[in-house]
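Note sheet for the following structure.
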Amino acid sequence: MRQVVLFIVLITGLVSGRSAYAQWEFYGAGGIRYATTNEVDINGKQLVKEHGFLPGLEFKANYQRGDWLVSLSGEIYGGNLTYDGQMQSGMAFSTNTRTRQFRMTTEVGRYISDAVLLLAGTEWDYWKRDILGQGATLGLKEEYNSWRFLAGAQARVLQASWSDIYLTGLLVASSPEHLEVNFDNQLFDQVNFSTRSAIGARFALEVRPKAVPHVSVESDFEWMRIGRSDDAILSKGGSPVGTVVQPEHVRKAIGIKVKYRF
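According to the working numbering, the sequence shown is numbered sequentially starting from 3.
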């Protein structure tokens, strides 16, 4: 709901301002992303690796007025990832994770030349993991959400007769992820706790062929390391039975998408 209100306020403010230099642009994109999540213990030993391809859709609205640009975008990717991990006994455990990733981003940019755009923004990130049980081993469901702050730039690195090519780099600072864990068959009570603040980076290379001015192709890469959480109380029927922790984990993704400008 908070994101919907933000969107309405943003659109109302932009539409109310009129200028000979104002311009709207809308984009839609479809793509695929190879995503990995690696969890490690305090000694750096790998505990879990999730990996696989996730298809998705993205939408973006840009409003430019003079040298200033305001954008609102959203994306959703989802599918099944291969889960290779281990149980508390140390035995290997493999299954699948049903995953959904959603983001809503607001950015403000300023052109300092016709080739360079400075960017800053905020983002809400939501990540759902449904780790499927196998045999006698029950699964669990995890939901993460966090606010992120973005800063960086986009630059045109090639201007040729056949295409323009743009490179974007962003530094990403994330608030601690809020994590909700639910166990299959209500084996334990729901657990809520937070991870650590995190720093990450994103890079994108976009090719805009002049023969097809409404279409572009973009490849992107992102990386973020999130520190180990504090221990949280694990309960059953309201009575403490132990503790649970979210290990240090690294989220990475590399993707490609085709964008269409309306």
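Here a beta-carbon is modelled for each residue, glycine too, at the ideal position from N, C-alpha and C. None of these values were measured; they are calculated from a predicted model.
{"query": "Jot down the residue ranges of each uninterrupted beta strand (DSSP E) in the segment 157 to 198, minimum 3 residues, whole runs only, in chain order.", "result": "165 to 176, 180 to 185 and 193 to 196"}
{"query": "Would you kindly work out how many angstroms separate the C-alpha atoms of GLU208 and GLN66, rounded to a whole number?", "result": "19 Å"}
{"query": "Taking only the alpha-carbon atoms, compute the straight-line gap between THR38 and ALA138 and give it to the nearest angstrom.", "result": "26 Å"}
{"query": "For the beta strand (DSSP E) that contains ASN82, what are its first and last residues?", "result": "70 to 88"}
{"query": "Under 8 Å between the Cβ atoms of SER199 and LEU181?", "result": "no"}
{"query": "Checking the sheet assignment: what are the DSSP bridge partners for PHE105?", "result": "Correcting the residue identity first, residue 105 is Arg in this sequence and not Phe. According to DSSP, ARG105 bridges with GLU77 and ASP127."}
{"query": "Would you mind stating whether TRP149 and TRP126 have Cβ atoms separated by less than 8 Å?", "result": "yes"}
{"query": "Under the assumption that VAL252 contacts ASN40 (Cβ atoms under 8 Å), give the Cβ distance between them as a whole number of angstroms.", "result": "5 Å"}
{"query": "Could you tell me the distance, in whole angstroms, from the CA atom of SER218 to the CA atom of TYR262?", "result": "7 Å"}
{"query": "Taking the alpha carbon of SER75 as the reference point, which residue from ILE167, ASP69 and GLU60 has its own alpha carbon closest?", "result": "GLU60"}
{"query": "Would you say the segment 79 to 86 touches the segment 43 to 54, given that touching needs at least three Cβ pairs under 8 Å?", "result": "yes"}
{"query": "Nearest-angstrom Cα distance between LEU121 and GLN136?", "result": "45 Å"}
{"query": "In whole angstroms, what is the alpha-carbon distance linking ASN64 and ILE201?", "result": "26 Å"}
{"query": "Using 10 angstroms around the beta-carbon of ILE44, count the other beta-carbons present and answer buried if the total reaches 16, otherwise exposed.", "result": "exposed"}
{"query": "For the beta strand (DSSP E) that contains THR245, what are its first and last residues?", "result": "241 to 246"}
{"query": "Have a look at the DSSP bridge pairing and note the partners of GLY32.", "result": "LEU59 and VAL260"}
{"query": "What separation, rounded to the nearest whole angstrom, lies between the Cα atoms of GLU77 and ILE256?", "result": "15 Å"}
{"query": "List the DSSP bridge partners of ILE133.", "result": "THR99 and LEU142"}
{"query": "Rounded to a whole number of angstroms, what is the C-alpha to C-alpha distance between GLY80 and LEU56?", "result": "5 Å"}
{"query": "With DSSP collapsed to three states, give me the class of GLY154.", "result": "strand"}
{"query": "Considering only DSSP beta bridges, list what ASN147 is partnered with.", "result": "TYR128 and HIS180"}
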